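From first to last, the protein sequence lines are chains A and B.
Mapping of the first sequence onto the numbering used here: residues 57 to 380, in sequence order.
Mapping of the second sequence onto the numbering used here: residues 57 to 380, in sequence order.
Reviewing the structure listed below.
There are 2 protein chains.
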Amino acid sequence: MVSVPNNGLVERLLDGDRRALARTISKIEREDQEAADIVAEIYPHTGKAVTVGFTGPPGVGKSSIIAKLIKLYRDEDKRIGVVSVDPSSPFSKGAILGDRIRLTDHFLDPGVFIRSMGSRGHLGGLAGGSRLAALAMEAAGMDVVLYETVGVGQGEVEVASAADTVVLALQPGTGDAVQALKAGVMEIADIFVINKADHPRAKAAASEVRSILEIGHELDPDPWFPPILMTRGDNGEGVEELKATIEKHRAHMRGNGGLEKRRRASLRDLVVSWAMDRLQKEMQQRLGREDTDLMEKVYSRELDPISASERIFEEVGDAASSGP
Amino acid sequence: MVSVPNNGLVERLLDGDRRALARTISKIEREDQEAADIVAEIYPHTGKAVTVGFTGPPGVGKSSIIAKLIKLYRDEDKRIGVVSVDPSSPFSKGAILGDRIRLTDHFLDPGVFIRSMGSRGHLGGLAGGSRLAALAMEAAGMDVVLYETVGVGQGEVEVASAADTVVLALQPGTGDAVQALKAGVMEIADIFVINKADHPRAKAAASEVRSILEIGHELDPDPWFPPILMTRGDNGEGVEELKATIEKHRAHMRGNGGLEKRRRASLRDLVVSWAMDRLQKEMQQRLGREDTDLMEKVYSRELDPISASERIFEEVGDAASSGP
Numbered sequence: 057m058v059s060v061p062n063n064g065l066v067e068r069l070l071d072g073d074r075r076a077l078a079r080t081i082s083k084i085e086r087e088d089q090e091a092a093d094i095v096a097e098i099y100p101h102t103g104k105a106v107t108v109g110f111t112g113p114p115g116v117g118k119s120s121i122i123a124k125l126i127k128l129y130r131d132e133d134k135r136i137g138v139v140s141v142d143p144s145s146p147f148s149k150g151a152i153l154g155d156r157i158r159l160t161d162h163f164l165d166p167g168v169f170i171r172s173m174g175s176r177g178h179l180g181g182l183a184g185g186s187r188l189a190a191l192a193m194e195a196a197g198m199d200v201v202l203y204e205t206v207g208v209g210q211g212e213v214e215v216a217s218a219a220d221t222v223v224l225a226l227q228p229g230t231g232d233a234v235q236a237l238k239a240g241v242m243e244i245a246d247i248f249v250i251n252k253a254d255h256p257r258a259k260a261a262a263s264e265v266r267s268i269l270e271i272g273h274e275l276d277p278d279p280w281f282p283p284i285l286m287t288r289g290d291n292g293e294g295v296e297e298l299k300a301t302i303e304k305h306r307a308h309m310r311g312n313g314g315l316e317k318r319r320r321a322s323l324r325d326l327v328v329s330w331a332m333d334r335l336q337k338e339m340q341q342r343l344g345r346e347d348t349d350l351m352e353k354v355y356s357r358e359l360d361p362i363s364a365s366e367r368i369f370e371e372v373g374d375a376a377s378s379g380p
Numbered sequence: 057m058v059s060v061p062n063n064g065l066v067e068r069l070l071d072g073d074r075r076a077l078a079r080t081i082s083k084i085e086r087e088d089q090e091a092a093d094i095v096a097e098i099y100p101h102t103g104k105a106v107t108v109g110f111t112g113p114p115g116v117g118k119s120s121i122i123a124k125l126i127k128l129y130r131d132e133d134k135r136i137g138v139v140s141v142d143p144s145s146p147f148s149k150g151a152i153l154g155d156r157i158r159l160t161d162h163f164l165d166p167g168v169f170i171r172s173m174g175s176r177g178h179l180g181g182l183a184g185g186s187r188l189a190a191l192a193m194e195a196a197g198m199d200v201v202l203y204e205t206v207g208v209g210q211g212e213v214e215v216a217s218a219a220d221t222v223v224l225a226l227q228p229g230t231g232d233a234v235q236a237l238k239a240g241v242m243e244i245a246d247i248f249v250i251n252k253a254d255h256p257r258a259k260a261a262a263s264e265v266r267s268i269l270e271i272g273h274e275l276d277p278d279p280w281f282p283p284i285l286m287t288r289g290d291n292g293e294g295v296e297e298l299k300a301t302i303e304k305h306r307a308h309m310r311g312n313g314g315l316e317k318r319r320r321a322s323l324r325d326l327v328v329s330w331a332m333d334r335l336q337k338e339m340q341q342r343l344g345r346e347d348t349d350l351m352e353k354v355y356s357r358e359l360d361p362i363s364a365s366e367r368i369f370e371e372v373g374d375a376a377s378s379g380p
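Structure, rendered in structure tokens:
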């Protein structure tokens, strides 16, 4: 890949310059021409950070737990990056949560970098975009990168499952667990957190999660039974235990090869989704106008839809093809 | 396209032979080698049937309304095909609903053909598979084809939105409308049906739907304000009005060019999703084993994910390419 001049942006990023990091992520978000080259340059400097996915319904108190968790990491002098993601937002309205943290506890802390991302069509999807933002944070020297998602849904699952450890936060008395189960989030969570531990239904919520988890768990060959922790975002109760449990999960994953396996799968997803998006764009260019000759033939019943698909398949192939 | 011998299957299908129709849909479901050729042969004989998408949460009583609706069409000597779809099922468990109708009212009626389809990976997705099954039904002489879906979700939206007219059935007192709104089903419905009209909350449910629909409706340039009908599946109350309203919607769509537009969009979706699936399969073949050389280079940080994507993009292109 030919390197392009970027005015020393990558060098400054690798030096841990916050403005360079912010600019790099913006370029990634905008799919700037340089973005691919920048990723190529920073990628060898990644892979060492601890990554944690933090997911759960809105209002559960994720941001306050994260703020407390950041504090604990900062006490150990670790540098933290947060990618705050809101798949339901076409723009970066996910900013709300991220900003709340930034503007209070960690506003002036140079060891904390928070970035919000909306779902505006990144190549590779929102999961792809946030994954690249996380890589940039790693390259800039972040020891820990948190993916924070707003809500529970397929988009959130994709974002959070890129992480080494996935934490699912639920609130007592809301039926959140059932919603999460439906959305497929229960399956990807390594650690459960019942926030608002002082809520009268907190214990019941924990039992509910446990009984859902117990179904079919005996079939798991290498069991990590997801611990269910009780926290209070307001006073930080239980957050130290959460941090310790994240580390325990990581050690477990390292021990059984699961960490390597998960990281590979995550990179593979990134590569595949990026390439798929390229193909999709290529195809949309071909069908950009509804009245292409090819589609007119389909509308008029001259050509059947499958044969039309085959032709487009071949045309996209020609466009993507590497050579003669 | 080279025609393959199919022992007169297509001829018999075009003659309205039920066994030929059943076998054809099975071939489509299995993605039999012949399927593409069969679609090419039957496609010119399609495009005349009335298609209706029937969607709504489980338990709302869709199948009993459909059974009554079928009876009304049969009274006019119209032939009816039903594609019964359950995206949540990996196999054809959606059969349950379809079977219930088939085994009671219309079991022996040669003018009714019901087929269930599960989500087992069709090319073009479940929407693609059910669309092709519907084409086969049209070619076999069905005057009306109903897409019946189980549940409300993205899969159901894709299936139902292939139809000329989309009916959304809701049940009073369940908060269904809010669920449907979240799933994006409200936006695609042309007609709302509140089933169990005798329920004490039936009127309230209708008002709820109306107030949701009124939001932003004044922005619609060519307004079809979706009628909200009350039905009773148990005794057939309101089903005649439903049939009349489906016809009214169709006339409206014909009048403003919307029908043509919608049918084109539906065919376009089919072509695009089929081609995308071909590309995805091509890609998965390339990445079928986790330990491809290319991915090993990504894992070891020799090659960055974006460059790897570009290479796969080109490789898929070479494979799909139509030639020099």
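Glycine included, each C-beta is placed from N, C-alpha and C at the ideal position.
Values in this document were obtained by computation on a predicted structure and should not be read as measured data.
- Beyond the five residues adjoining it in sequence on each side, R68 of chain B comes within less than 7 Å, by CB distance, of A76 in the same chain, given in chain order.
- DSSP places G373 of chain B in the uninterrupted alpha helix (DSSP H) bounded by P361 to A376.
- Along the region 325 to 340 of chain B, the positions whose C-beta sits under 7 Å from a C-beta of chain A are L326, V327, V328, W330, A331, M332, R334, L335, Q336 and M339, read in chain order.
- Restricting attention to alpha helix (DSSP H) runs no shorter than 4 residues, the region 287 to 314 of chain B encloses them at 295 to 312, ordered along the chain.
- Here the C-alpha atom of A262 of chain B lies approximately 9 Å from the C-alpha atom of V249 of chain B.
- Between the region 288 to 302 of chain A and the region 317 to 334 of chain A there are fewer than three C-beta pairs closer than 8 Å, too few to call the two in contact.
- Listed along chain A, the residues sitting closer than 7 Å to D360 of chain B by beta-carbon distance are V95, A96 and Y99.
- Under the three-state reduction of DSSP output, T221 of chain B falls in the strand class.
- DSSP lists A:L226 and A:M286 as the bridge partner or partners of I250 of chain A.
- Interface with chain A (8 Å Cβ-Cβ cutoff): R257 of chain B is excluded.
- Sixteen is the threshold: when 16 or more other Cβ atoms of the shown chains lie within 10 Å of the Cβ of F369 of chain A, as they do, the residue is buried.
- Taking 8 Å as the CB threshold, I368 of chain B lines the interface with chain A.
- V138 of chain A and T221 of chain A have their alpha carbons spaced roughly 14 Å apart.
- Positions of the alpha helix (DSSP H) runs, each at least 4 residues long and wholly inside the region 66 to 91 of chain B, are given as 74 to 86 in order along the chain.
- Within chain A, no residue has its CB atom less than 9 Å from the CB of V241 of chain B, the nearest being about 16 Å off.
- Between V372 of chain B and chain A, the shortest Cβ-Cβ separation is below 8 Å.
- Taking CB atoms only, L323 of chain B has a neighbour in chain A less than 8 Å away.
- When the beta-carbon positions are compared, D254 of chain B and V106 of chain B stay at least 8 Å from each other.
- At least 8 Å separates the CB of S140 of chain A from every CB of chain B.
- Judged by DSSP secondary structure, R171 of chain A falls within the beta strand (DSSP E) whose first and last residues are V168 to M173.
- G117 of chain A carries a coil assignment under DSSP once its states are collapsed to helix, strand and coil.
- Taking 8 Å as the cut-off, the Cβ atoms of G185 of chain A and M193 of chain A do not count as close.
- In the three-state DSSP reduction, V241 of chain B falls in the coil class, being neither helix nor strand.
- Here L202 of chain A is bridged, per DSSP, to A:V108 and A:V138.
- Close to G103 of chain A, with beta-carbon spacing below 8 Å, are these residues of chain B in chain order: R357.
- Around the CB of N312 of chain A, fewer than 16 other CB atoms lie within 10 Å, so the residue is classed as exposed.
- Residues are counted here when their Cβ sits less than 7 Å from a Cβ of chain B; for the region 293 to 304 of chain A the count is zero.
- DSSP places G185 of chain B within a helical segment (H, G or I) once states are collapsed to three.
- Residue contact with chain A for R320 of chain B: present (Cβ-Cβ distance below 8 Å to some residue of chain A).
- What L343 of chain A touches in chain B, judged by beta-carbon distance under 8 Å, is R324, V327 and V328, going in chain order.
- The beta carbon of A92 of chain B falls within 8 Å of a beta carbon belonging to chain A, placing the residue at that interface.
- With its beta carbon at least 8 Å from every one in chain A, M198 of chain B lies outside the interface.
- It is roughly 38 Å from the alpha-carbon of V116 of chain A to the alpha-carbon of L65 of chain A.
- Within the model, the alpha-carbon separation for I244 of chain B versus Y99 of chain A is close to 43 Å.
- Only residues of its own chain outside the window of five on either side were considered, and among them V295, L298 and K299 have a CB closer than 7 Å to the CB of L125 of chain B, listed in chain order.
- In the structure shown, the three-state DSSP call for H101 of chain B is helix.
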